[in-house]
Structure formats: structure tokens, C-alpha cells
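Worksheet: one structure, shown below.
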Amino acid sequence: MCYNTRVSRKKDELEARYHIKALIGEMKENDELIHNSANGFAHPNMWIIPQEKPKNMIPVMWGLIPHYKKGVDPKEYYKETIRWGSGLNAKSEKLFDSNNYKASALTRRCIVPVDGFYEPHRIEHIKKPYSIPFYFERKDGLPINLAGIYAVAGNLVTFSILTKAATPMFAEIHNKKNRRPVLLQDDDIEVWLDNGLNESDVKKVIEDDLPDSQINTWPISKDLYKRNGEADRADITDQVDYPDLQITY
Numbered sequence: 001m002c003y004n005t006r007v008s009r010k011k012d013e014l015e016a017r018y019h020i021k022a023l024i025g026e027m028k029e030n031d032e033l034i035h036n037s038a039n040g041f042a043h044p045n046m047w048i049i050p051q052e053k054p055k056n057m058i059p060v061m062w063g064l065i066p067h068y069k070k071g072v073d074p075k076e077y078y079k080e081t082i083r084w085g086s087g088l089n090a091k092s093e094k095l096f097d098s099n100n101y102k103a104s105a106l107t108r109r110c111i112v113p114v115d116g117f118y119e120p121h122r123i124e125h126i127k128k129p130y131s132i133p134f135y136f137e138r139k140d141g142l143p144i145n146l147a148g149i150y151a152v153a154g155n156l157v158t159f160s161i162l163t164k165a166a167t168p169m170f171a172e173i174h175n176k177k178n179r180r181p182v183l184l185q186d187d188d189i190e191v192w193l194d195n196g197l198n199e200s201d202v203k204k205v206i207e208d209d210l211p212d213s214q215i216n217t218w219p220i221s222k223d224l225y226k227r228n229g230e231a232d233r234a235d236i237t238d239q240v241d242y243p244d245l246q247i248t249y
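Each residue of the sequence shown is one higher than the last, beginning at 1 in full-length UniProt numbering.
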């Protein structure tokens with residue numbers, strides 16, 4: 001699953017990278033939406049490139065609230081659905097079946113540009129099991145194109161990050177959930193936002209996403225799990241070695 005991401009690039013950098021223009025709405029002009037650790041359960045606003053406006057990026061709340069939930073209080077909805085992840089992730093295998101997702105599958109897909117993201121590795125220690133956080137980024141240093149969907153419920157726009165079954169790298173590291181986010185290939189950026197895709201086309205893009213060979217990962221500080229803001233710092237992605245870690249990366 002993908003519940004925490006990193007975004008350090010400013011608006012103008014993302015605009016140049018994706019050849020788009022930011023629409024900030026009611027957001028302050030100098031708010032860059034930069035997060036060294038964007039904890040999904042805090043439901044931050046993040047930039048997305050929406051299918052309905054593929055030449056723009058807009059600030060949207062992370063945590064999909066289905067289109068049929070008009071008038072719902074977001075805080076109450078997220079609290080009630082926290083056991084299912086509060087809409088932060090959407091299983092791509094259910095994209096065309098779930099009532100929560102299928103209305104967005106063909107018309108409201110999006111790209112979520114991030115530097116990287118964090119996933120836990122479970123250590124079954126003899127005394128007490130614990131998790132070590134890993135950071136993932138592209139080997140070429142370019143932004144990761146997370147595949148997402150968004151929903152519009154009245155005046156509320158929210159999004160979710162698509163996930164799929166773990167590839168070998170993620171199966172070894174994200175070893176409890178055995179999932180990974182869908183990471184779009186650069187060549188599929190425009191394809192993903194194309195209105196002409198059918199169900200088969202969408203599934204093909206998901207299947208052929210960025211391979212493990214183009215991703216770097218390493219363990220980082222367990223400060224990532226602290227809730228007092230200590231994770232939101234530039235050095236949170238620095239590598240930390242753990243004696244109990246028995247895997248290669």
C-alpha cells in the first residue's frame with residue numbers, strides 16, 4: 001500500500017516537467033504543497049493532473065470520497081472508513097467493479113507527481129515484531145508518475161492512488177501487504193489521461209508500469225512513524241542501516 005509520499009519540487013518545476021500549468025483555486029499563491037513526508041492519514045492536499053484538465057495540475061485532498069457521498073463531512077467519512085484505508089489507495093483489480101471506483105475508471109483518472117514514497121518492511125523479531133521504513137525513488141531522479149483516480153462529490157474533489165500485486169522487489173520489502181503502487185511509464189503519461197481508453201486499455205497501462213529495475217530503495221529512520229512532525233524534514237530519506245535487516249536492496 002502507499003500511505004506516505006515525498007514531494008520536494010516546486011510548482012514551476014512540475015509545470016516544466018509535465019508541460020502543464022497549475023490552477024491554484026483558493027490556495028495561496030506561495031503555497032507549494034511541498035511535503036518531505038506526506039502522511040496520507042492527515043489527508044493533505046497534493047497536486048494531481050486530472051483527466052478532465054490534462055494541461056493543468058490542481059490541489060486535491062488525498063483520500064477518495066465516492067461521488068455518491070455528496071454532503072458528507074470528510075473528517076467523519078475518513079474516521080468511519082479508516083479500517084479500509086480511508087480512501088488513500090484503490091486496488092486496481094477492483095477498478096471496474098467497485099462502486100467506489102468504477103465511476104472514475106474511464107473518465108476521472110489522474111497522475112500524482114511525487115519524488116518518491118515510503119513502504120514498511122516487517123521484521124519478525126523474536127521479542128517483538130516491528131517495521132523498518134524504506135524509501136523508493138526512480139533511479140534517474142525524475143518524478144514518479146503515480147496512477148490515481150479522483151471523484152467529485154458536490155464541491156468536494158478527492159483522489160486515491162492505485163495499487164497492484166507486488167512485483168519481486170516490493171514482495172521482498174513490503175512483505176506484509178505484498179502490494180505496490182502503480183507507477184506509470186513516462187510514455188504512458190498522455191495515454192493515461194486520454195479520454196479514448198477502454199477497460200482493456202486501462203488495464204494494459206497498469207500491467208506495463210515502471211519495472212523494478214528502474215527503482216532505487218533503501219531503509220530510513222523510524223522517525224517516519226512519529227506523529228509530532230519529526231518526519232517532515234529533508235533528511236528523512238537518508239539511509240539508516242539496521243542489524244536485523246536480512247535482505248538486499
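Glycine included, every Cβ here is placed at the ideal spot set by N, Cα and C.
- By the Cβ-count criterion, Gly63 is buried, with 16 or more other Cβ atoms from all chains shown falling within 10 Å of its own Cβ.
- Judged by DSSP in its simplified three-state form, Tyr3 adopts coil rather than helix or strand.
- Separation of the CB atoms of Arg180 and Lys204 is rounded to 17 Å, and the pair is thereby denied contact status at 8 Å.
- Between Arg6 and the set Ile144, Glu172, Asp223 and His125, the nearest pair of CA atoms involves Ile144.
- DSSP, read as helix, strand or coil, puts Gly141 in coil.
- Cβ atoms of Ala151 and Pro66 come within 8 Å of each other, at about 6 Å.
- Along the stretch 50–79, the beta strand (DSSP E) occurs as fully enclosed runs of 3 or more residues at 56–62, listed in sequence order.
- Comparing alpha-carbon positions, the option among Asn45, Gly25, Lys10 and Lys53 lying closest to Asp194 turns out to be Lys53.
- The C-beta separation of His121 from Ile132 comes to about 5 Å, placing the pair in contact by the 8 Å criterion.
- Taken atom to atom, the span from the alpha-carbon of Glu80 to that of Ile48 is near 25 Å.
- Contact holds between the stretch 228–236 and the stretch 27–43, because three or more Cβ pairs, one in each stretch, are under 8 Å apart.
- Judged by their CB atoms, Ser98 and Ile206 are not nearer to each other than the 7 Å cut-off.
- Exposed is the label assigned to Leu142, since fewer than 16 other Cβ atoms lie within 10 Å of its Cβ.
- Excluding residues up to 5 positions away in sequence, Tyr101 and Ala105 lie with their Cβ nearer than 6 Å to the Cβ of Leu95 in the same chain.
- Note that the C-beta distance between Asn56 and Lys21 is below 7 Å.
- Beyond the five residues adjoining it in sequence on each side, Phe117 comes within less than 6 Å, by CB distance, of Cys2, Thr5 and Phe136 in the same chain, given in chain order.
- For Tyr150, the three-state secondary structure derived from DSSP is strand.
- In this structure, Arg138 keeps its C-beta atom at 7 Å or more from the C-beta atom of Gln51.
- Note that the C-beta distance between Phe159 and Pro219 is not below 7 Å.
- Taking the Cα of Leu245 as reference, the smallest distance to any Cα among Ser213, His174, Val182 and Gln185 is reached at His174.
- Taking all protein chains shown into account, Lys128 has fewer than 16 neighbouring C-beta atoms within 10 Å of its C-beta and is therefore exposed.
- Assignment of Lys226 by DSSP, reduced to helix, strand and coil, places it in the coil class.
- Distance from the Cα of Asp188 is smallest, within the candidate group Asn178, Asp201 and Lys176, for Asp201.
- Boundaries of the beta strand (DSSP E) around Ile111: Arg109 to Val114.
- For the pair Lys69 and Ala153, the CB atoms are nearer than the 7 Å cut-off.
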